[in-house]
Structures are given as structure tokens and as C-alpha cells.
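In what follows, a single structure is set out as C-alpha cells and then discussed.
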Amino acid sequence: MLMDPMKIFARSERLINRLEKAVVKLDSAIDGTSDVVVIAGNSLKALESTIDRTEQTFNRMDVTLDRVNSTIDRMDSLMDTVGETFERVNSVSVRMERIMSELEDRMKQVEKAIDLTARATSALERLPLTKRFFDQHNNGD
């Protein structure tokens, strides 16, 4: 027994709405991923800046031995900062991998939804009653 065309159309609308919501979520996930990439880039810039300051400190150490002890103390502090920055970069990397995995899972879900919607639409279009309805609707009868 064939399903009522109106039920089929209503179900198709629900599927399409779900698919549209999934696409919105995917867009949001992409935006979030972009934000993480920007944060990681900023962390790397801070790390590069720290490394540049370290090189300047080494140059000053060569210029005067009187300041060696204070420079070494500053270097210890600076290296702690570098270590913390590396830890943050690693943390961002782990988060990025997790987000990318989630993004991939969501994209698979969207692909499945698109496939299901396409199959449902195709099935609807093949039904004789639906085909006549589409033909009449498209021809303006």
C-alpha cells in the first residue's frame, strides 16, 4: 500500500529541515575550527617573539660579562614561558585534532542526510501519483 503523498511530502520537508540544520551546525563547526587555527597562529607568533627575544638576550650576554648572572635569571624565566607556550601549542594541536575529527564525523552525517534526502526525493518522484502531481505542478495544470 502506498503512503499518503502529503505524508511523504511532510516527511521530505522534515528531512530537508534537518539537513539544513545539520549544514548550519557544520558551518558553526567550521567557524569554530577557524577560530582555533587563529588562536594557534597567535600562539606561534608569541613563541616566535619569545625566541627572537632569547636571541637578543644571547647577544647582550656576549657584550658584557657583568650582566651574565642577571641575563641567565631572565633566560630561566623566559624558557619557562617558552615551555608553557609549547604546552599551549600542543594543547591547541590536540584540540584541533579533536575538532577536525568531530568535523569529519559531522560531514559524514551531512553526507548521509543528503543521500537519504536524494533517495527519498527520487523515490517520491517515481511514484505514479507523485509523478502526476509533479507533472501537473510543473506544467501549471
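In my numbering, the protein residues as written are -15 to 125. Every residue gets a Cβ at the ideal spot worked out from N, C-alpha and C, and that includes glycine.
Inset, instruction - Taking all protein chains shown into account, decide if residue 108 is buried (16 or more other Cβ within 10 angstroms of its Cβ) or exposed. - result: Taking the first residue of the sequence shown as 1, we reach residue 108 at position 124. So residue 108 ends up on the buried side.
Legend entry - Proximity below 8 angstroms, CB of residue 13 to CB of residue 97: Within the sequence shown, residue 13 is the residue found at index 29, counting from 1. Within the sequence shown, residue 97 is the residue found at index 113, counting from 1. Not a contact, by the Cβ cut-off of 8 angstroms.
Legend entry - Alpha-carbon to alpha-carbon, residue 88 and residue 74: As a first step, residue 74 is located in the sequence shown; it is residue number 90 there, counting from the start. As a first step, residue 88 is located in the sequence shown; it is residue number 104 there, counting from the start. Taking the straight line joining both Cα atoms gives about 21 angstroms.
Inset, instruction - Taking 8 angstroms as the cut-off, decide whether the C-beta atoms of residue 101 and residue 3 are in contact. - result: Locating residue 101 in the sequence shown gives position 117, counting from the first residue. Locating residue 3 in the sequence shown gives position 19, counting from the first residue. Going by C-beta atoms, residue 101 is nearer than 8 angstroms to residue 3.
Legend entry - Cβ distance (whole Å) where residue 27 is taken to contact residue 69 below 8 angstroms: Taking the first residue of the sequence shown as 1, we reach residue 27 at position 43. Taking the first residue of the sequence shown as 1, we reach residue 69 at position 85. Contact holds; Cβ gap of about 6 angstroms.
Inset, instruction - Would you kindly check if the distance between the Cβ of residue 20 and the Cβ of residue 76 is under 8 angstroms? - result: Taking the first residue of the sequence shown as 1, we reach residue 76 at position 92. Taking the first residue of the sequence shown as 1, we reach residue 20 at position 36. In this structure, residue 20 lies closer than 8 angstroms to residue 76 by Cβ.
Inset, instruction - With DSSP collapsed to three states, give me the class of residue 3. - result: Here residue 3 is taken as the residue at index 19 of the sequence shown, counted from 1. Correct three-state label for residue 3: helix.
Inset, instruction - Can you give me the Cβ contacts of residue 80 inside the same chain, cut-off strictly under 8 angstroms, excluding the 5 residues immediately before and after it? - result: Your numbering for residue 80 matches position 96 in the sequence shown. Counting only Cβ-Cβ distances below 8 angstroms, and skipping sequence neighbours, we find 17, 20, 21, 24.
Inset, instruction - Look up residue 62 in the DSSP assignment and say whether it is helix, strand or coil. - result: Looking up residue 62 in the sequence shown gives position 78. Helix.
Legend entry - Close Cβ partners of residue -1 (< 8 angstroms) along its chain, the five nearest in sequence each way excluded: As a working note, residue -1 is residue 15 in the sequence shown. Here the set comprises 97, 100, 101, 104.
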